Structures are given as structure tokens and as C-alpha cells.
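With our numbering as the guide, the letters of the sequence shown map in order to residues 23 to 241.
What follows is a single structure, written as C-alpha cells, with notes after it.
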Amino acid sequence: MTIKGLAPVMRILRREYEKKQAPVAELVQARTSDPFQVLVATILSARTLDQTTAQACRRLFKVVRNLNDLQRIPRERLSRLIYPVGFYRTKAKLLKQLPRAVTQYFNGVIPGTVEDLIRLPGVGRKTANLVVAVAFNKPAICVDTHVHRICNRWGLIRTRTPLETEMALRRRLPLKYWREFNACLVSFGQSVCRPISPHCGVCPLRAYCRRVGVMTALG
Numbered sequence: 023m024t025i026k027g028l029a030p031v032m033r034i035l036r037r038e039y040e041k042k043q044a045p046v047a048e049l050v051q052a053r054t055s056d057p058f059q060v061l062v063a064t065i066l067s068a069r070t071l072d073q074t075t076a077q078a079c080r081r082l083f084k085v086v087r088n089l090n091d092l093q094r095i096p097r098e099r100l101s102r103l104i105y106p107v108g109f110y111r112t113k114a115k116l117l118k119q120l121p122r123a124v125t126q127y128f129n130g131v132i133p134g135t136v137e138d139l140i141r142l143p144g145v146g147r148k149t150a151n152l153v154v155a156v157a158f159n160k161p162a163i164c165v166d167t168h169v170h171r172i173c174n175r176w177g178l179i180r181t182r183t184p185l186e187t188e189m190a191l192r193r194r195l196p197l198k199y200w201r202e203f204n205a206c207l208v209s210f211g212q213s214v215c216r217p218i219s220p221h222c223g224v225c226p227l228r229a230y231c232r233r234v235g236v237m238t239a240l241g
């Protein structure tokens, strides 16, 4: 697969994506474009099923609607509201640090660039890119393990880490694909192009994929 040949692949991925449930960040966006809620939802979603995160967000955002609410709520109550998201105690601790950090560095306003967002507690490049794309509607490439794995399987790039993948895609991927790339590939990676025993036999992209490093019944 090459960058020039990506257009039909993206058409197929969009069609497949429409059949799936939207990621939690997009579910939040459907209700609000508030960067605070998108940021919190994205932090909570790490190592957690989207359904679990969505339920936690519904509970949390009835009580915590902005940075001031987050500053006032006791950490113990915050932990109870977001349970059972993965590492909920650690995430509660990090979330409690957010109001002070946003006030100290950005005058109380959630920033809209990756470089600024990664200065906040609990925010790495994956989270920052997702917030930029979903909350601020700006081009950003969110690379997680699914995006990293699939792009290398396709033979689109050759990288060793998600960070290398992000940088390679920034250089090569047409800007028009940036915002949708993560959502389409994550959905595809969860259902078809799985980490172990990918479903190559029923994959709608099998004619385009080089299957780099994949051993299946197809050979």
C-alpha cells in the first residue's frame, strides 16, 4: 500500500466505520464541543472500554461541568464517579491537578495545540492530538497501538514506535485524512485487524494490504 493508493482504502474504512459505535470522544462531542469535557473524557478513556468510559462520563458530567467544579470536588468522590475506568485512582489524582495546571500555564483556558496540551498532567501526545481534532476541529493525527500496528501491517510505513508512526504520518499523510484517520483505524483494529489472529480472510482491505509480519491461514 502507498500513500497515493490510500483513497479507496479510506472510502472502505469510512463505510465500515459507519457500522460501528463511535469512540467515546466523538460521543462527547455529539453532546458538547466543550474542550474541558472532551479532554476529561479522553483522559478517562485510556486503557478502558469505550462503553465503560461513556458511562463514567455521564455520571461525572452531571456533577463536574468545568474546571471550577473539578477543583472543588473531593478526590474520593471523583474516584467513585469515574469507577470502574482503568486506573481510576491514578486518573482521579491527575484530574485533580488539571485546574491548577490550566490556570498556571494557560490562564484557565484549555489550550488548543498539542504542544500546550502535553504540558498538562495525564496528557500525552495521543490524548493531545485527539483533543485537538475532536474539541477544536483542527487537523491532528492521533496515533495509538491500533494505528501504529495497522499502518505497519499495510506496509504504508516502517516504524518501531507510535511516536515514530505519528511523525511519519505527519510528513506523508494528506491533511484531509488527519482527523478521521484514528477513528477509522481504531474501529477497524478492534473488529478486523486485531493484534493477534487478525481476520484477514474477511478483511475488506485484503486486496490492498501487504500483511507485513502477519501469519494467518492465508499464508
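The beta-carbon is built from N, C-alpha and C at its ideal position, and this holds for glycine as well.
Computed from a predicted structure; not experimentally measured.
Delimiting residues of the alpha helix (DSSP H) encompassing residue i
i, result
"residue 211", "200-213"
"residue 90", "89-94"
"residue 147", "147-157"
"residue 101", "97-104"
"residue 226", "No alpha helix (DSSP H) contains residue 226, which DSSP labels as neither H nor E."
"residue 243", "The requested residue 243 is not part of the displayed model; the chain covers only 23 to 241."
"residue 55", "Segment: none, residue 55 is in no alpha helix (DSSP H) and carries neither H nor E."
"residue 221", "That residue, residue 221, is in no alpha helix (DSSP H); it is neither H nor E in DSSP."
"residue 78", "72-83"
"residue 232", "Segment: none, residue 232 is in no alpha helix (DSSP H) and carries neither H nor E."
"residue 139", "136-139"
"residue 129", "Segment: none, residue 129 is in no alpha helix (DSSP H) and carries neither H nor E."
"residue 196", "Segment: none, residue 196 is in no alpha helix (DSSP H) and carries neither H nor E."
"residue 169", "167-176"
When the options are compared against residue i, the one with the closest alpha-carbon
i, options, result
"residue 189", "35, 55, 170 and 217", "170"
"residue 226", "59, 199 and 176", "176"
"residue 119", "145, 136 and 229", "145"
"residue 157", "61, 30 and 38", "61"
"residue 143", "59, 112 and 168", "112"
"residue 129", "72, 29 and 90", "90"
"residue 154", "116, 84, 133 and 191", "133"
"residue 206", "88, 117 and 163", "163"
"residue 81", "29, 123 and 105", "105"
"residue 121", "23, 88, 55 and 150", "88"
"residue 57", "110, 114 and 160", "160"
"residue 230", "178, 204, 117 and 200", "178"
Between the CA atoms of residue j and residue i - distance to the nearest angstrom
i, j, result
"residue 52", "residue 148", "The predicted position of residue 52 is uncertain, since its pLDDT is 45 and thus under 50; no value can be drawn from it."
"residue 166", "residue 99", "30 angstroms"
"residue 217", "residue 172", "9 angstroms"
"residue 32", "residue 96", "45 angstroms"
"residue 65", "residue 185", "18 angstroms"
"residue 233", "residue 27", "16 angstroms"
"residue 183", "residue 69", "18 angstroms"
"residue 38", "residue 92", "37 angstroms"
"residue 202", "residue 108", "25 angstroms"
"residue 224", "residue 131", "46 angstroms"
"residue 34", "residue 210", "10 angstroms"
"residue 198", "residue 76", "28 angstroms"
"residue 125", "residue 181", "37 angstroms"
"residue 71", "residue 237", "27 angstroms"
"residue 85", "residue 140", "26 angstroms"
"residue 193", "residue 59", "30 angstroms"
"residue 214", "residue 36", "14 angstroms"
"residue 228", "residue 174", "14 angstroms"
"residue 40", "residue 101", "33 angstroms"
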